[in-house]
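**Q** Structure incoming, see below.
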Amino acid sequence: MCLGLGACAASQVACCCGSAACSMCCRACPSCKNSTSSRIVYALLLFVGTVAACIMLIPGLEEKLKQIPTFCEGGAGTGGLSPTSGLVNCDILAGYLAVYRVCFALAGFFALFCLLMICVKSSRDPRAKIHNGFWFFKILILIGITVGAFFIPRGAFGMSWHYIGMFGAFCFILIQLVLLVDFAHAWNDFMLEKREDADSPRCWTILLILATFLNYAVMIAAVVCFYIYYAFGDCSTNKFFVSFNMILCVAVSILAILPRVQEEQPRSGLLQASVVSVYTMYLTWSAMNSEPDKICNPGLSSIVKSVTSGVGIQESINGTTPAPPTSAPMLDGQSIVGLFVFFLCVLYSSIRSASNNNVDRLTMRDTVILEDDTNDDTKTLVKDEENAGQNVYDNEQEGVAYSYSFFHFMFFLASLYIMMTLTNWALPSDDYTSLNNTWPAVWVKISSSWVCILLYSWTLIAPIVLSNRSFD
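Read in order, the letters of the sequence shown are residues 2 to 473 in the numbering used here.
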């Protein structure tokens, strides 16, 4: 399914450049809907921008660029004999400030389309064609904004953009929480439906139990590791974070199986609670990794050294040579896990569709999925003569399947989340030579874990409290 959607999205990008170059490619692509393929293409643009930002964090990138003759100001001349004036200032092409500029361009691009797509009701609106097409020109616009971002004076750009990014990343975490809770319910419903329809329901029951057990095993293992490596000695704040969130996870698990909750939501169970608990522990770990206290935040390298060498965590921390300040922070385990969770959420939100009488989880909008029936008069089939009859379904003539403006707003926040994740949520120093962990980032992350628990708890008790409303 994902390969077909990817091929369909790629065909939209390819066919914008002319029929002569891509007619054979488009002829081989499967039929699809604009409402799905457009989201995939925008996700690909965000993915490419993230890869570009990651490349700019490669250690030694600036030195490698300066070795290219006549490319960098002050770099090596022909044969490396003498410095030259160069074409660009390579100091701005690497490091965390380069990540800030790339993510600024991505955020600006999606903010522009967020404003442009306000109140688009159907594909008959001329602006809908801009959203679903003209990919070549939109890519040029994105490249132009990116190039322009590198001409922004350093000044207070890094400091101010950091705080803007922190607020936007927190908002995106809240969206991630909505997607996570939706995924947990959808996963549980899928397995229960398979169990009900299968001739041998025992296999699906076993899979359901194993998935729940695995999630809780990961959560318990995380709690144990946290107490060993983060909540020892005088680290009272970390002890509170781990203990309080563990209690919340136990409480929400009990809430999910209470008879009153089961009466209103028969499909509520421990699988959803286990998924939420694992994500809560991830946010707890991420928060503790942002603490400026080196003793209570040993870092992944010290933990790995402690495990492999068999020495205590304190000895491992004391024996670690502090790294010199750098403007290009390395991607650590926290950043890699954060990016993985991010891409799963973006992919899920891009291909997730709502069924009849449901709400689209991405945009909180009612939508109808049209069945693949060529005799259905409610579906418009648009044939592109230039690509030998590739079928592109326009299922939005009567109404858009999702809010275009909110979709771009979510990707605007996602761009800020990428920026904060790649730079470990650290604050630039006054001289812009290094990044420093701060307590505001810690409280942003730990508070998001509490919002996660509250959000899931509300999905359980809302049908009880608001008994006069339908939650089918």
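Don't be surprised by glycine CBs; every beta carbon is placed ideally from N, CA and C. Computed from a predicted model, the values in this text were never measured in an experiment.
For Pro-429, does the three-state DSSP call read helix, strand or coil?
**A** Strand at Pro-429.
**Q** Going by other Cβ atoms of all chains shown within 10 Å of its Cβ, with 16 needed for buried, is Trp-162 buried or exposed?
**A** Label assigned to Trp-162: buried.
**Q** If you measure between the beta carbons of Phe-151 and Ile-93, is that distance less than 8 angstroms?
**A** It is a contact, given that the beta carbons lie within the stated cut-off.
**Q** Quick test of the definition: if touching needs 3 or more C-beta pairs under 8 angstroms, does the segment 188–204 touch the segment 252–264?
**A** They do not touch, by the three-pair rule.
**Q** According to DSSP, simplified to helix, strand and coil, what is Asn-469?
**A** Coil.
**Q** So Met-167 and Phe-242 are supposed to be a Cβ contact under 8 angstroms. How far apart are they, rounded?
**A** About 19 angstroms separates the two Cβ atoms, so there is no contact after all.
**Q** For Ala-108, report the span of its alpha helix (DSSP H) as first-last.
**A** Its alpha helix (DSSP H) spans residues 97–117.
**Q** Below 7 angstroms CB to CB, which residues in the same chain sit around Ala-274 once its five sequence neighbours on both sides are set aside?
**A** Excluding positions up to five away in sequence, the list reads Val-253, Ser-254, Ala-257.
**Q** Below 8 angstroms between beta carbons: does that hold for Phe-111 and Phe-412?
**A** In this structure, Phe-412 lies closer than 8 angstroms to Phe-111 by Cβ.
**Q** Which residue comes first and which comes last in the alpha helix (DSSP H) that contains Ile-258?
**A** No alpha helix (DSSP H) contains Ile-258, which DSSP labels as neither H nor E.
**Q** In whole angstroms, what separates the C-alpha of Cys-172 from that of Leu-414?
**A** The alpha-carbon atoms of Cys-172 and Leu-414 are separated by roughly 7 angstroms.
**Q** Nearest to Pro-299 by CA position, among Leu-271, Phe-227, Gly-339, is which residue?
**A** Of the candidates Leu-271, Phe-227, Gly-339, the one whose C-alpha sits nearest the C-alpha of Pro-299 is Phe-227.
**Q** Give the range of the alpha helix (DSSP H) segment to which Gln-273 is assigned.
**A** Taken as a continuous stretch (DSSP letters only), the alpha helix (DSSP H) holding Gln-273 covers 271–289.
**Q** Between which two residues does the alpha helix (DSSP H) holding Asn-133 run?
**A** Start and end: 127–133.
**Q** Starting from the Cα of Ala-212, find the closest Cα among Ile-465, Asn-189, Lys-130, Val-401 and give me that residue.
**A** The shortest C-alpha separation from Ala-212 is found at Asn-189.
**Q** Tell me Asn-437's beta-bridge partners as DSSP assigns them.
**A** Its beta-bridge partners are Leu-428.
**Q** Whose C-alpha, out of Val-49, Lys-65, Cys-120, Gly-50, is nearest the C-alpha of Gly-400?
**A** Answer by Cα proximity: Cys-120.
**Q** What is the residue span of the alpha helix (DSSP H) that Arg-196 lies within?
**A** Taken as a continuous stretch (DSSP letters only), the alpha helix (DSSP H) holding Arg-196 covers 158–198.
**Q** Just to confirm, are Cys-453 and Tyr-280 a CB contact at a threshold of 8 angstroms?
**A** Taking 8 angstroms as the Cβ cut-off, Cys-453 and Tyr-280 qualify as a contacting pair.
**Q** What are the boundary residues of the alpha helix (DSSP H) that includes Ala-223?
**A** Counting along the chain, the alpha helix (DSSP H) containing Ala-223 begins and ends at 202–230.
**Q** Taking the straight line between their C-alpha atoms, what separation do you get for Asn-246 and Ser-237?
**A** Taking the straight line joining both Cα atoms gives about 14 angstroms.
**Q** When we look at the beta-carbon of Lys-122 and count the other beta-carbons within 10 Å, is it buried (16 or more) or exposed?
**A** By the neighbour-count rule (16 or more Cβ atoms within 10 Å), Lys-122 is not buried but exposed.
**Q** Beta-carbon separation of Leu-209 and Met-220 under 8 angstroms?
**A** Cβ atoms of Leu-209 and Met-220: not closer than 8 angstroms.
**Q** Count the other CB atoms, across all protein chains shown, that sit within 10 Å of the CB of Gly-234; report buried if there are 16 or more and exposed otherwise.
**A** Under this definition Gly-234 is an exposed residue.
**Q** According to DSSP, is Gln-263 part of a helix, a strand, or is it coil?
**A** Of the three classes helix, strand and coil, the one that applies to Gln-263 here is helix, per DSSP.
**Q** Can you name, in chain order, every residue of its own chain whose Cβ lies under 6 angstroms from the Cβ of Ile-146, other than the five neighbours on each side?
**A** Here the set comprises Ala-106, Gly-109, Phe-110.
**Q** Beta-carbon within less than 6 angstroms of Leu-143's beta-carbon, same chain only, minus the 5 sequence neighbours each way: which residues are those?
**A** Excluding positions up to five away in sequence, the list reads Phe-110.
**Q** With Trp-440 and Pro-293 assumed to form a contact (beta carbons below 8 angstroms), what rounded beta-carbon distance in angstroms separates them?
**A** About 7 angstroms; that satisfies the 8 angstroms criterion.
**Q** Give the secondary structure of Val-121 by DSSP, where H, G and I count as helix, E and B as strand, and everything else as coil.
**A** It is coil, neither helix nor strand.
**Q** I'd like the span of the alpha helix (DSSP H) that includes Leu-150, first residue to last.
**A** For the sequence presented, residue 150 should be read as Ala rather than Leu. 136–150 is the span of the alpha helix (DSSP H), which, as asked, contains Ala-150.
**Q** Quick one: measure Cβ to Cβ for Ile-465 and Cys-104, integer angstroms, because I've assumed they're closer than 8 angstroms.
**A** Not a contact, Cβ separation roughly 42 angstroms.
**Q** My assumption, with CB atoms under 8 angstroms, is that Val-277 sits in contact with Ala-185. Please give the rounded CB distance.
**A** Sure, about 6 angstroms apart at Cβ, within 8 angstroms.
**Q** In the DSSP assignment, find the unbroken alpha helix (DSSP H) run with Met-411 in it and report its ends.
**A** 405–423 is the extent of the alpha helix (DSSP H) around Met-411.
**Q** Whole angstroms are fine: how far does the CA of Tyr-101 sit from the CA of Leu-1?
**A** Since the displayed the chain opens at 2 and closes at 473, residue 1 lies outside it and no answer follows.
**Q** Look at the alpha carbon of Ser-476 and the alpha carbon of Leu-461, and state the distance between them as a whole number of angstroms.
**A** This structure does not reach residue 476, given that the chain is present from 2 up to 473, and the question cannot be answered.
**Q** For Leu-467, count the other beta carbons within 10 Å of its own beta carbon; 16 or more makes it buried, fewer makes it exposed. Which is it?
**A** With fewer than 16 other Cβ atoms within 10 Å, it is exposed.
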